[in-house]
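Position one of the sequence shown corresponds to residue 306 (the numbering used here), numbered consecutively onward. Built from N, CA and C at the ideal position, the CB exists for glycine as well.
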Amino acid sequence: MEAPGPVTRAAARKRAPTIPEEPERRPGQRRPRRRIEQEEAVFREVVSFTPEPLPARYYDKDTTKPVSFYFSSLEELLAWTPDVEDSFNVALEPSECRQPPLSSQRPRTLLCHDMMGGYLDDKFIQGSVASSPYCFYHWQCIDIFVYFSHHTVTIPPVGWTNAAHRHGVCVLGTFITEWKDGAQLCEAFLAGDERSYRAVADQLVLIAQFFRFDGWLVNIENSLSPAAVGNVPHFLRYLSAQLHQRVPGGLVLWYDSVVSSGQLKWQDELNQHNRVFFDACDGFFTNYNWREEHLERMRGPAGGRRADVYVGVDVFARSSVVGGQFDTHKSLELIRKHGFSAALFAPGWVYECLEKKDFFQNQDKFWALLERYLPTHSICSLPFVTSFCLGMGTRRVRYGQEEAVGPWYHPSAQEIQPLFAEHRLEGAGRGWVQTSCCLADAWHGGSSLLIRGVIPPEVGPVAVRLFSLHVPVPPKIFLSLVYKLEGPSAVEVALELTTGDAGSCHVGGLWTLDAETSSRHSPRPLRVPPTKLARWVGRCGQQLHGGWVQRCYEVNLRGCLLGDLLVSFARPAGSREEASFVCRLGEIQVVDADSLLRPLPRVQAVTVSRVRWQLAASEEEEEEEEEEEEGGTPARLRLSCTLHWSYLLSPIRCFRIHCLPGSGGGSPHRGPPGPDKPVLLGLAFVNQYRVVELPVAAAGPGRDGRVQFLVEPVPKEGFLVPQAEWGQAALLYSLPQL
306 MEAPGPVTRA AARKRAPTIP EEPERRPGQR RPRRRIEQEE AVFREVVSFT
356 PEPLPARYYD KDTTKPVSFY FSSLEELLAW TPDVEDSFNV ALEPSECRQP
406 PLSSQRPRTL LCHDMMGGYL DDKFIQGSVA SSPYCFYHWQ CIDIFVYFSH
456 HTVTIPPVGW TNAAHRHGVC VLGTFITEWK DGAQLCEAFL AGDERSYRAV
506 ADQLVLIAQF FRFDGWLVNI ENSLSPAAVG NVPHFLRYLS AQLHQRVPGG
556 LVLWYDSVVS SGQLKWQDEL NQHNRVFFDA CDGFFTNYNW REEHLERMRG
606 PAGGRRADVY VGVDVFARSS VVGGQFDTHK SLELIRKHGF SAALFAPGWV
656 YECLEKKDFF QNQDKFWALL ERYLPTHSIC SLPFVTSFCL GMGTRRVRYG
706 QEEAVGPWYH PSAQEIQPLF AEHRLEGAGR GWVQTSCCLA DAWHGGSSLL
756 IRGVIPPEVG PVAVRLFSLH VPVPPKIFLS LVYKLEGPSA VEVALELTTG
806 DAGSCHVGGL WTLDAETSSR HSPRPLRVPP TKLARWVGRC GQQLHGGWVQ
856 RCYEVNLRGC LLGDLLVSFA RPAGSREEAS FVCRLGEIQV VDADSLLRPL
906 PRVQAVTVSR VRWQLAASEE EEEEEEEEEE GGTPARLRLS CTLHWSYLLS
956 PIRCFRIHCL PGSGGGSPHR GPPGPDKPVL LGLAFVNQYR VVELPVAAAG
1006 PGRDGRVQFL VEPVPKEGFL VPQAEWGQAA LLYSLPQL
């Protein structure tokens, strides 16, 4: 069929008549013309190059990509009300269950992320093409994550919240005032009656509740009048009480800055000058220039709340500190000696100050030096699924098959990360095992877990502990391991787990497994799966794309708690030679069998709104004309729009958004697709997605162009959902009437 002709600029300037709007429609949403089948709504759009403006706070001004945002003033904070545009920045789900809970008195580890002012590549909610971004993945070592910047109200970018919550880590934003402007702001809401500070607290609680993060670090770094400082404890107490009521597990922490007289005077400790603020909230974050005598003095004021005192450690080692940079462990040693929690400030030092090409090695070195002082926490809910993806890569892979080439960064796409460590084995000293992340290959996403090791002749099978769980065992569970061995190796690979007697475990405190209360099992392979599990076990026991192997297991255990997940490596039976190996892990799953029997809901009510048209740039047109001469379809237009749909989020990991360009269009990265071949546009972690500058063919006079959008749910259990069950919507577009 002949390609439609291009839209002329003269025709483009004439705005089409407005189509009647649907009642209760979203801003910019077009009315469905008709339904061609139950699953697909069809929307009509007349091409126009005078689009309705988008709210600047929520979109990148150059590309209209949705971005995370902050508030710079008290007026902005008090004026904010939840809007449909805010939904892009809402976390997928609350924090996963974890043990021990934050309410336990075990010393905790807080990470305060201060990175070059914040809101860099991480502000792009749907990801970006950053080639060497900062990436944090030692989540099992920390309990609280604070996103810090010097804006008045720092709302954590949703990618960080999604990644942290997936690991059971609490996420806090920052409320900060500084300098002369900060003093004026504080006078405005603290020096008056309670209505003023309660209004601010109510907004902070509403923001945390709406965006699904867990609370606030309050940092007042300016002097206060007697009236203002007198109201600070009331403000903190009210903020904490309201947050606890509306955000389960919510936290309010106070930074060591102002003292009870109103002076800005850092104490580097909890003492009688700032104790009043500590008593009014959930915790105290000390300044960084302390010595051991400060820690000794703090024991009295802290009382029974020693774990609520977070002793600050500046990883950049600015001013006079005990230890920072690669000597940060010296500070941690003293903090733990006295039973306090630790607050690591700006651990992105390894990224900002050292060679980017060595980032992963330096990151692993930094956290390995702290390992002995960082008690891990355990995830205590199923399904447990991870592909070890870091939320970044040099290409995208889906179940062993390459989807796209090129750098990408999407923090929301980060999967649960393991314990990273290097172990020396018993014996003659030659044996070792090391785990590290690797972007060179992946089973699903952008990276895999690389495990390398040497097993001496005198050492038996080696088990590497990857994850700590604390899950009461359901009647039946299924496990899956995807791996491949690099190069010639006779080492045998198996998935193992530990269990404990549920009756002997102390929920709510730190529990350990020992010889009397735990045992290790090598699960029996699953050979004949039940029919209803066919989607999940479709690849089990097969040789897969890219040389990957998947093994599945069935386990029946009662009255137990799932404990550690391990991968074991063993020489073949009878072998007495030293064995070296390089193994990549692509995925591990632990799934409650009942969850695989429950049907998934369908994606419903897909709509198209916020449509924006652009003409292709002249140099792009020249390239596309060359494609046309070679038999391709010319893309004369760029389409941006917002998709919304209805779906219960709890059963899914994310949504994959595709398009079928129909009468024209193609991938921005890979050119025109084949017939009826969906083109992946990106990932969504809420029920909406912004399509940005999608190449589409121009509709000819009297003819419609057509683009179909497909919304694919990705279940937590990781099996494929047939295309017939995806959500669908089509956009028909035409020239304006001349």
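Taken atom to atom, the span from the alpha-carbon of V896 to that of H472 is near 17 Å. A direct Cα-to-Cα measurement between L986 and Y502 gives close to 44 Å. Here the C-alpha atom of G1032 lies approximately 10 Å from the C-alpha atom of F960. Contact between E526 and G487 holds, with the beta-carbon distance rounding to 7 Å and staying under 8 Å. The C-beta of Q847 has fewer than 16 other C-beta atoms within 10 Å across all chains shown, which makes the residue exposed. Take I449, set aside five residues on each side of it, and the residues of its chain with a beta-carbon closer than 6 Å to its own are L415, C475, in chain order.
Within the same chain, and ignoring the five residues on either side of V626 in sequence, the residues whose Cβ sits closer than 6 Å to its Cβ are Y593, D619.
In this structure, the beta-carbon distance from W918 to F376 does not fall below 8 Å. Contact between the stretch 423–437 and the stretch 402–415 is absent, with fewer than three C-beta pairs closer than 8 Å. Within the stretch 695–759, the complete beta strand (DSSP E) segments of 3 residues or longer fall at 697–703, 706–714, 727–729, 737–743, listed in chain order. If only uninterrupted beta strand (DSSP E) runs of at least 3 residues are considered, those enclosed by the stretch 536–608 are 556–560, 588–590. When secondary structure is reduced to three states using DSSP, Y656 falls in the helix class.
Restricting attention to alpha helix (DSSP H) runs no shorter than 4 residues, the stretch 418–488 encloses them at 463–471, ordered along the chain. Approximately 15 Å separates the beta-carbon atoms of I756 and V854; this is outside 8 Å, ruling out the contact. Straight-line measurement puts the Cα of F583 at about 25 Å from the Cα of R623. The beta carbon of T368 is closer than 6 Å to those of V997 in its chain, skipping five residues each way along the sequence.
Under the 8 Å Cβ criterion, the stretch 782–792 counts as touching the stretch 882–898, having at least three qualifying pairs. Residue pairing of W918 in beta bridges, as defined by DSSP: L944. Counted as a single uninterrupted DSSP element, the beta strand (DSSP E) harbouring Q1033 occupies residues 1032–1039. Of the residues L674, G605, E601, V523, the one whose Cα lies closest to the Cα of F631 is L674. A distance below 8 Å separates the beta carbons of V913 and C946. Counting every other CB atom within 10 Å of its CB across the protein chains shown gives S692 a total of 16 or more, marking it as buried. Closest in C-alpha terms to I962, from the list P956, L948, Y952, A396, comes L948. Under the 10 Å beta carbon count, C865 is surrounded by 16 or more other beta carbons and is classified as buried.
Below 8 Å, enough C-beta pairs join the stretch 437–455 and the stretch 714–732 to call them touching: three or more.
Shown here, A384 sits in a helix according to DSSP, grouped into three states. By a beta-carbon distance limit of 8 Å, V778 contacts L867. Their separation comes to about 6 Å.
It is roughly 7 Å from the alpha-carbon of S955 to the alpha-carbon of E398. Taking C-beta atoms as the reference points, Y858 and L784 count as a pair closer than 8 Å. By the neighbour-count definition (other C-beta atoms within 10 Å, threshold 16), E882 is an exposed residue.
According to DSSP, L416 shares a beta bridge with F450, L649. Scanning S437, S392, Q1042, P412 for the CA closest to the CA of G696 turns up S437. Comparing C-alpha distances from A921 to each of R941, P906, R915, Q909 shows the shortest one belongs to R941.
One thing to note: L529 has its Cβ within 8 Å of the Cβ of V563. Where K366 is concerned, there is no enclosing alpha helix (DSSP H), because DSSP gives it neither an H nor an E. Within the DSSP secondary-structure output, D632 pairs in no beta bridge.
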